[in-house]
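What follows is a single structure, written as structure tokens, with notes after it.
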Amino acid sequence: MKRATSPWQTLPKVELHLHLDCSMSYRVASQLAPELDETTYRRTFIAPTRCRDLAEFLACTDTPLALLQSTRALTLTTEDLIRQLAEEGVVYGEIRFAPLLHLREGLAPEAVVEAVEAAAAKAMAETGVEVRLLLCTLRHFDSAQSLETARLVDRYREGLVAGLDLASDEAGFPLDAHRAAFAYVRDRGLPRTAHAGEARGPESVRETLRDLQPSRIGHGVRSIEDPDLVAELAETGVHLEVCPSSNVQIGVVPSYDSHPIHRLAQAGVSVGVNTDSRALNGLTLVEEYDRLASVFGWGEARFRAANRAALKASFVPEEVRARVRARLG
Ligand code: ADE
Ligand code: ZN
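Start counting the sequence shown at 12; every next residue gets the next number (the numbering used here).
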């Protein structure tokens with residue numbers, strides 16, 4: 012049976028929070044591993060609909076990461092993801108990945124960044140989607156690895172690399188190893204975001220804002236537990252890259268209808284709508300819009316406001332932002 016087309020399919024969208032290594036489609040996975048059947052793909056590349064916690068969810072990145080160790084795999088996955096963005100009406104997307112996770116078969120970190128960058132440039136030209144890349148340091152990295160990732164952001168700043176992110180297990184590892192990396196990019200005027208307020212509560216958001224000084228927070232949804240923090244976010248304009256379905260899947264919130272995105276938006280916090288990933292989360296951005304429309308009654312005005320807020324928080328120079336803004340309508 013053909014699925015009905017969503018009314019949100021053609022709405023021009025901005026997606027700032029999207030992991031490359033968690034977004035390998037069956038089409039690409041089966042090119043890289045021809046013996047892979049679709050049932051096995053679904054079992055191993057898509058995380059359970061309800062995970063015990065973030066750690067269980069993150070363990071599902073093992074299989075795609077094992078394949079993402081060559082220029083070919085990085086190229087195919089990046090091009091395919093940008094084509095998916097185009098099909099879903101995304102006009103501006105930021106794609107993030109951790110270069111140091113792709114070195115197992117001998118690629119140098121620079122070769123990883125250059126492969127993703129070249130594939131992104133090609134797919135941008137082909138689809139018209141404007142794309143930038145964020146490099147992730149990970150909570151469990153040591154300070155040398157974190158600083159190495161920060162140096163890569165600086166090295167590739169003239170190309171498509173637009174900023175630094177801190178991802179992975181917020182509950183399992185402190186910020187200590189990442190302060191120097193964030194100071195390094197901050198001193199060079201480079202943009203920063205960091206995952207927080209997902210596996211831990213408002214104290215983690217506060218600590219991340221204080222110590223890393225990012226202009227955006229990945230998720231940040233547990234800020235809702237602290238009204239003073241919500242007021243502070245609204246006042247300072249820190250943007251939250253919200254991924255509602257991902258939060259339900261990981262158990263950050265018990266159900267979609269209890270998700271705080273609507274309350275955060277009503278409190279004046281800058282919020283955007285994102286998937287977190289296409290494969291691991293088993294969803295498209297259009298489906299995320301459908302859910303927000305049916306659960307919270309979000310309509311065109313809300314979605315346009317969220318996309319404008321996300322674009323304002325994007326890591327691009329003003330002339331690019333103005334070009335994308337014209338496409339948002
Ligand atoms: N890496 C991929 N998905 C993630 C998430 N939801 N939180 C932290 N790190 C991630
Ligand atoms: Zn994420």
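Beta carbons are placed, not taken as given, at the ideal position from N, Cα and C, and that holds for glycine. Computed from a predicted model, the values in this text were never measured in an experiment.
- Checking the 7 angstroms criterion, the Cβ of H250 is out of range of every heavy atom belonging to the ligand ADE.
- Under the three-state reduction of DSSP, D64 is assigned to coil, being neither helix nor strand.
- For G229, the CB falls within less than 7 angstroms of some heavy atom of the ligand ZN.
- Counting only the Cα atoms, R221 lies some 40 angstroms from V39.
- Taken from the Cβ of A178, at least one heavy atom of the ligand ZN lies inside 7 angstroms.
- Using a cutoff of 7 angstroms, the CB of H28 counts as near the ligand ZN, since one of the ligand's heavy atoms is closer than that.
- One Cα belongs to Q42, the other to M35, and the distance between them is close to 11 angstroms.
- Taking the Cα positions, A245 is about 45 angstroms away from G117.
- According to the DSSP assignment, S281 belongs to the beta strand (DSSP E) that extends over S281 to V284.
- Short note on D287: C-beta closer than 7 angstroms to some heavy atom of the ligand ADE.
- Between P23 and S179, the alpha-carbon positions lie close to 29 angstroms from each other.
- Taking each of R319, R336, R150 and A131 in turn and checking the Cα distance to G170, the smallest one comes out for A131.
- Per DSSP, the unbroken beta strand (DSSP E) holding L144 starts and ends at E141 to L149.
- Here I106 is bridged, per DSSP, to L144.
- Considering only A194, L294 and R203, the residue with the shortest C-alpha distance to S325 is R203.
- According to the DSSP assignment, A130 belongs to the alpha helix (DSSP H) that extends over P120 to T138.
- For E243, the three-state secondary structure derived from DSSP is helix.
- About 10 angstroms separates the beta carbons of A84 and L76, which is beyond the 8 angstroms limit, so they are not a contact pair.
- Within the chosen limit of 7 angstroms, the ligand ZN reaches the beta carbon of H206 through at least one heavy atom.
- Counting only residues of its own chain and dropping the five nearest sequence neighbours on each side, T55 has a CB closer than 7 angstroms to the CB of T74.
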